[in-house]
Amino acid sequence: MVTVRKQDNLQNGDIPILPTVLIGAGMMHATFLFLQTRVPSWKAAKEFCIHAATEDCLRPDLMAFQCISGMVFVVCAVLGIYAWYGTRSCHSQQRLFAKLPVAQWLTLWNLTYQIWDFGISFVIPEFKQPILFAHHAAAATVAYAALRYNMLGYYAIFFMGLSEVSSIFLVVIDLGRYIPPEPGTLYDTFVNQVCAPLFVVTFFYYRVILWWYPITVNLLKDVSDGLKKSKTSQWVMYLLLLLDVPMGFLQLYWMALIVQTLHAQMS
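All residue numbers in the sequence shown are consecutive under the numbering used here, ending with 332.
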């Protein structure tokens, strides 16, 4: 039988979870405010102008947000690649309950970002979308439950780390939407000829193919096995089942939008 214990601290009790998350989110916001107010912003596309009468449409908030997101995703991707391709699981209990330091830090980092992103979305008009709020809330809930009850382990490396590889390229693409590059410039080449195809390939591979198989398939098997062997905190495992599949369908929905966009561009 597997015993699942609650934990309020990481690293053998030396690092409290919630205070660390709140401090981290505060530091992210302080960095956001610094970038928003102190770093020069480039001219944004007309569709993102908040004040139509303004000649120079500047959106330092969007630029600062993309910078923060880019830094977060780079850390997630680097740690995820390092841990995923260097980690091997022997059986289902290891995949679900293994106490992997890298997985814990990735989950803590992701929880911090999701909480900050949820809050900042209220002040950036483009991000006030129900589907985005639902995504942040679901991701934060899973991350907190995984930390508190020391679950996901091997899977956290994928969900919190490896799956964010495509997000790095998406950050650059979105920045190109907010602040369009001049045709023929290096910025234009980097956005449309480098990051765009890399985003499509990495999103399809990590968030569609691997997300469903082997990740979701194995997770369903491991949770089913865990429910039989663990009599404590079963609600957390049910939560993983409840959120993983809808999140997987959300990836398929986003992939459909990507295909639709590509089709429109090629027509």
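Where a beta carbon is used, it is the ideal one built from N, C-alpha and C, also for glycine.
Everything numeric in this text was worked out from a predicted model, so none of it was measured.
Asked	Found
Option in Asp126, Leu83 and Met93 with minimal Cα separation from Leu25	Here the chain has residues from 66 to 332 only, and residue 25 is not among them.
Cα-Cα separation, Asp121 to Pro245	14 Å
Coarse secondary structure for Lys108, derived from DSSP in three states	strand
Other residues of its chain near Leu212: CB distance less than 6 Å, five sequence neighbours each side excluded	Ile82 and Thr172
Span separating the alpha-carbon of Gln101 from that of Val188	13 Å
7 Å Cβ shell around Phe264 - same chain, five flanking residues per side excluded	Ser231, Phe234, Leu235 and Ile238
Whether Ala261 touches Gly218 by CB criterion (8 Å)	no
CB contact flag (Ala205, Ile180, <8 Å)	yes
Ala90 versus Ser298: straight-line alpha-carbon distance, rounded	28 Å
Tyr220 vs Ile280 beta-carbon contact at 8 Å	yes
Cα-Cα separation, Ile80 to Trp170	11 Å
Three-state class that DSSP yields for Pro81 in the structure shown	strand
Nearest to Ser295 (by Cα), restricted to the options Phe162, Phe269 and Cys114	Phe162
Residue from Leu327, Asn215, Glu247 and Phe138 with nearest C-alpha to Leu227	Phe138
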